[in-house]
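Data block below; observations after.
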Amino acid sequence: MKLFVKSLGFATLLMVMLCACDYETEAYKKLRLQKDSIQALQQSQLGEMEEYLDLIQDVDSAFDEIRLSQNILTFASYDSENPSDNMRQKVVDNMSMINDLLAENQMKIAELEEKLQNSDLKSTKLQRMVNKLTADLKKKTAEITELREELVSKNYQIDSLTVVYRMSQEREAQLVAKTNQQDSIVSSQDAQLHRAYFFMGNRRALRDNGINVKDRESGYRTELFTPVDIRAFDRLEIGSKSAKILTKHPETSYELVENTDRTKVLVIKNPTDFWSVSRYLIIQTR
1300 MKLFVKSLGF ATLLMVMLCA CDYETEAYKK LRLQKDSIQA LQQSQLGEME
1350 EYLDLIQDVD SAFDEIRLSQ NILTFASYDS ENPSDNMRQK VVDNMSMIND
1400 LLAENQMKIA ELEEKLQNSD LKSTKLQRMV NKLTADLKKK TAEITELREE
1450 LVSKNYQIDS LTVVYRMSQE REAQLVAKTN QQDSIVSSQD AQLHRAYFFM
1500 GNRRALRDNG INVKDRESGY RTELFTPVDI RAFDRLEIGS KSAKILTKHP
1550 ETSYELVENT DRTKVLVIKN PTDFWSVSRY LIIQTR
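Residues 1300 to 1585, numbered by the working numbering, are exactly what the sequence shown covers, in order.
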């Protein structure tokens, strides 16, 4: 009997230990998931930071190239008022390259600013770096503009390479394109939000097109319906003396009235209520 009690006690202790192990295992799993989640977030932020730093490095490298070409232009500005053809070509080439680099830096800085605004990674130091790049770009553009005017006074024919004008034109075109794209998306979303569909036809037309109101779960083929904007759609000339609304709509939200020739007209009195049940309107005519 004592042996049985001891065995029972041992078995009970073993079960408690096993349950404890299961509990610890679950707790460990939760901790491991939390750790993995934190590591994934850190890895994502690290990748994002590296992307920012790569962009900043590209902008800095471009500024270095600009400074080298600027030195050549500065030297040319001290040359005689009748520069050689070789020097003229060198000035034009360098001015063109500077112009491209400034425009490229402007786009990359704009990209940095947009990324920072949309990012969950908030870094004051990173924002200061971007602000400095913006200030450097503005200062460098002013220097190049002044240098260009001085070169023009020295009979260098570079009127077609107006830095500020070209940069502003390119930037304006980009902003217009982006705004138009955003407006198009918003307009499309707005139209979709207020879109409904109607179909009119006799019993045969409904059957031939496979439109069965009772079997709504199979869905309707939208291409068979006429799309409408519910904000502007409040009246529909049915053109038949017989009309029956097959889809479900609150009865107080509409009415069928007659023209002088007794053809029916659907008048939607409350569009919000009318389309609240379904965005599809099916009318069966004679």
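All C-beta atoms in this analysis are idealised placements derived from N, C-alpha and C, irrespective of residue type, glycine included.
As the structure is a prediction and not an experimental result, all values here were calculated from the model.
So, residue i versus residue j, is the Cβ gap smaller than 8 Å?
i     : j     : result
A1531 : K1563 : no
R1578 : A1495 : yes
I1581 : F1498 : yes
P1549 : D1572 : yes
L1289 : V1429 : Any answer about residue 1289 is impossible in this case: the structure gives the chain only from 1300 up to 1585.
L1450 : I1408 : no
A1361 : N1404 : yes
Identify, in the order they occur along the chain, each residue of the same chain with its Cβ nearer than 8 Å to the Cβ of residue i, setting aside the five sequence neighbours on each side.
i     : result
L1460 : In this prediction, L1460 scores a pLDDT of 44, lower than 50, which makes its location untrustworthy; the coordinate-derived value is nonetheless stated afterwards. Cβ neighbours of L1460 beyond the five flanking positions: V1391, M1394, S1395, N1398 and R1447.
L1523 : F1498, N1508 and I1510
Can you tell me the Cα-Cα spacing of residue i and residue j, whole angstroms?
i     : j     : result
K1431 : K1389 : 30 Å
S1517 : P1570 : Confidence at S1517 is low in this model, with a pLDDT of 48, below 50, so the placement of that residue should be treated as unreliable; the coordinate-derived value is given next. If you take the alpha carbons of S1517 and P1570, they lie about 26 Å apart.
E1557 : D1533 : 15 Å
E1347 : I1443 : 33 Å
Y1519 : K1513 : 11 Å
S1368 : H1493 : 56 Å
E1349 : P1526 : 48 Å
Y1553 : I1537 : 14 Å
Taking C-alpha atoms, which residue in the options lies nearest to residue i?
i     : options                       : result
P1504 : V1358, M1406, R1585 and S1368 : Per the sequence presented here, residue 1504 reads as Ala, with Pro not at that position. Out of V1358, M1406, R1585 and S1368, R1585 has the C-alpha closest to the C-alpha of A1504.
Q1426 : E1413, L1436, S1552 and L1367 : E1413
K1438 : K1513, I1365 and E1350        : I1365
Sorted by chain position, which residues of the same chain lie with C-beta nearer than 7 Å to residue i's C-beta, five sequence neighbours on each side aside?
i     : result
I1544 : I1582
D1357 : K1407
L1372 : V1390, N1393, M1394, L1446 and L1450
W1574 : A1495 and I1529
D1359 : none
R1561 : K1540
Could you please give me the residues that DSSP links to residue i through a beta bridge?
i     : result
E1412 : According to DSSP, E1412 bridges with nothing at all.
G1613 : With the chain covering only 1300 through 1585, there is no way to say anything about residue 1613.
L1555 : L1565
L1535 : L1565
Q1491 : The partner list for Q1491 (beta bridge, DSSP) is empty, contrary to what the question assumes.
K1543 : Q1583
P1526 : Y1496
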